[in-house]
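Worksheet for the structure shown next.
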Amino acid sequence: MIVIGELINASGKKVREAIINRDGEFIASLAKRQSDAGADYIDVNVATGSGETSGEVEDMKWALDVVAGTVDKPVSVDTTDYEVLKAGLEMCGEGTFINSVNAEKGRLDAFLELAREYNSPTVALPIRESIPEEVEGRLEVVDEIVKSADKSGVSRENLYFDPLALPVSVDHKSALVTLETLKRLKEYEGVKSTIGLSNVSYGLPARETLNKAFMLFLMQQGMDSVIMNPLQKGMMAAIKAGNVLLGNDPMCGAYLKAYRNGILS
Amino acid sequence: MAILEEVAQAVESGEEEDVKKKVQEALDEGGTALDIIDNGLMKGMETVGNKFADGEMFIPEVMIAAQALQVGIDIVKPHLLEGQRSFTGKVILGTVAGDIHDLGKNLVKMMLTANGFEVIDLGVDVPVNKFVDSVKENQPDILGMSALLTTTMPEMGRVVEALKENGLRDNVRVIVGGAPVNEEYAEKAGADLYAENALEAVDLLKNK
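As given, the protein sequences belong to chains A and B, one line each in that order. The numbering of the first sequence is our numbering, which starts it at 246 and goes up by one. The numbering of the second sequence is our numbering, which starts it at -15 and goes up by one.
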């Protein structure tokens, strides 16, 4: 399970201010804490909304520089802007995660071209102009993205489809749609999966309880990656436990190592 | 009238059948439609809103209560006198063009409904002209716009401009919100109000 640490995101007020004020210490600390907690990638989103694209490119370069100077982990460049993505990939090189592409007009092909050039694992959202509510609708968009990716020469192993978690508080069957979408992704040989999972518990108390349960169901359906807050120890522990139970942790090595590192309690 | 308390209680617990029964009883006892709405149905919903704000009730429960409220309103509405309105105000809501995030908007919708507003929801990815046409057609008191992306946020300003061009700007108050939006940006976009979250939105719209 590849864990992408989501905390460096400018939609949060503190992070937004840190980016605007060039508070490198704050960003570095978030990178370090996530890395220490077991994140495999550090997501970086600098969309502060305060300026033009050129400013955002500079913000991205600055933040990536801070992260690279702090931890020895690859990053995930989180943006909807082509120029920002390009600048990020130029800095970080091959294997950098792209977060994300979707099927909205105009962006998909350009982003896929960068994904090919940098051999980047890429989060792909089955979204067109809206979020399809049903499994079939999501798969139609998956189909479109897979075809575009095949055409662009992006390897399928680099496509990480997000089956889209929506709040069960609003629609109590929404998690089932997510799980079924994940299951049906197997119709596309080679593609992988990831998920921004915490949305599922929006609007309900004791969110971590739901997030953990959902995580385990997703793992059973072969989820490859998750975008989450790695500082939530309970979630990281659930992943370790899930890996053992699904036979993915030979001789329980990772589980025991996590125990000794204090991650399980 | 004790029966109004029971109406409020029925809304709070989200029991549609109870609401129907109690509202009918209230009407039979000679209660006026306006009284039943204000001091029964809406009162119950207000309690729900407060409990939601305090973390004692949660989204699914608020949704059930809102449905029960609607059932009650539908029964009482035909009894309203000419010119009486059953709502605090009329609001048009939507997520701006290019943006499909609707969690925040839906929460605002729910809270406004819970506080007696009539809400017309235009959904997500709403183009400028759809906002304008809807304002023209429905003549709301308030237009609320949401955006979750810094890239789509400028749409808010475009809608305000289009309202001006169509001579509609002075007819409606504009409130905006969403993660990247702040007070400063709201002002720049020409909105009247900015709310940080759904509860603040309700507060602002009720009291200003």
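For glycine and all other residues, C-beta sits at the position ideal for the given N, C-alpha and C.
Member of the options whose CA lies at the smallest distance from the CA of residue i
i	options	result
N456 (chain A)	A:P450, A:A420 and A:S446	A:S446
A175 (chain B)	B:K93, B:K5 and B:V165	B:V165
P377 (chain A)	A:V422, A:P366 and A:F342	A:V422
S(-3) (chain B)	B:G162, B:G73, B:V160 and B:A52	B:A52
K437 (chain A)	A:N474, A:V399 and A:V291	A:V399
T136 (chain B)	B:E184, B:A81, B:E171 and B:E(-11)	B:A81
V144 (chain B)	B:S118, B:N122, B:A173 and B:E121	B:A173
P111 (chain B)	B:K93, B:A131, B:F101 and B:D19	B:A131
D86 (chain B)	B:G24, B:G128 and B:D187	B:G128
C-alpha distance - residue i paired with residue j, whole-angstrom precision
i	j	result
Y169 (chain B)	K485 (chain A)	44 Å
G448 (chain A)	I43 (chain B)	6 Å
M246 (chain A)	V108 (chain B)	33 Å
L289 (chain A)	V103 (chain B)	The displayed chain sequence assigns Val, not Leu, to residue 289 (chain A). Roughly 37 Å between the two C-alpha positions.
M460 (chain A)	M140 (chain B)	37 Å
K190 (chain B)	G151 (chain B)	25 Å
K277 (chain A)	V316 (chain A)	6 Å
P138 (chain B)	A255 (chain A)	17 Å
Q68 (chain B)	A17 (chain B)	9 Å
G15 (chain B)	N34 (chain B)	26 Å
V346 (chain A)	Q477 (chain A)	27 Å
E374 (chain A)	R157 (chain B)	28 Å
A49 (chain B)	M29 (chain B)	7 Å
K396 (chain A)	I390 (chain A)	10 Å
A360 (chain A)	L509 (chain A)	36 Å
K350 (chain A)	K114 (chain B)	20 Å
M336 (chain A)	E303 (chain A)	12 Å
K418 (chain A)	G498 (chain A)	36 Å
L183 (chain B)	N90 (chain B)	12 Å
V160 (chain B)	Y327 (chain A)	27 Å
R261 (chain A)	L252 (chain A)	11 Å
Per DSSP, cross-strand counterpart(s) of residue i
i	result
V322 (chain A)	A:V289 and A:I343
F406 (chain A)	A:A369 and A:S438
R157 (chain B)	B:I126
N254 (chain A)	A:N290
V112 (chain B)	Bridge partners of V112 (chain B): none, in fact.
V3 (chain B)	V3 (chain B) is not bridged to any residue.
V471 (chain A)	A:V248
Same chain, Cβ closer than 6 Å to residue i, five either side skipped, listed in chain order
i	result
V311 (chain A)	G269, I272 and A273
F36 (chain B)	V46
I249 (chain A)	Y286, D288, S321 and I472
P408 (chain A)	T423, T426 and L427
Same chain, Cβ closer than 7 Å to residue i, five either side skipped, listed in chain order
i	result
N444 (chain A)	A410, L411 and P412
D22 (chain B)	none
Q466 (chain A)	L424, L427 and K428
G435 (chain A)	R401 and E402
Residues near residue i in its chain [Cβ-Cβ closer than 8 Å; skip 5 each side]
i	result
G340 (chain A)	P319, Y363, N364, S365 and P366
V116 (chain B)	V143, A146, L147, N150 and L152
E0 (chain B)	Q51, A52 and V55
N122 (chain B)	K74, I76 and I104
F356 (chain A)	Y327, L330, I343, V346 and T367
- Item | Whole beta strand (DSSP E) elements within the stretch 43 to 107 of chain B, 3-residue minimum | 73 to 79 and 101 to 105
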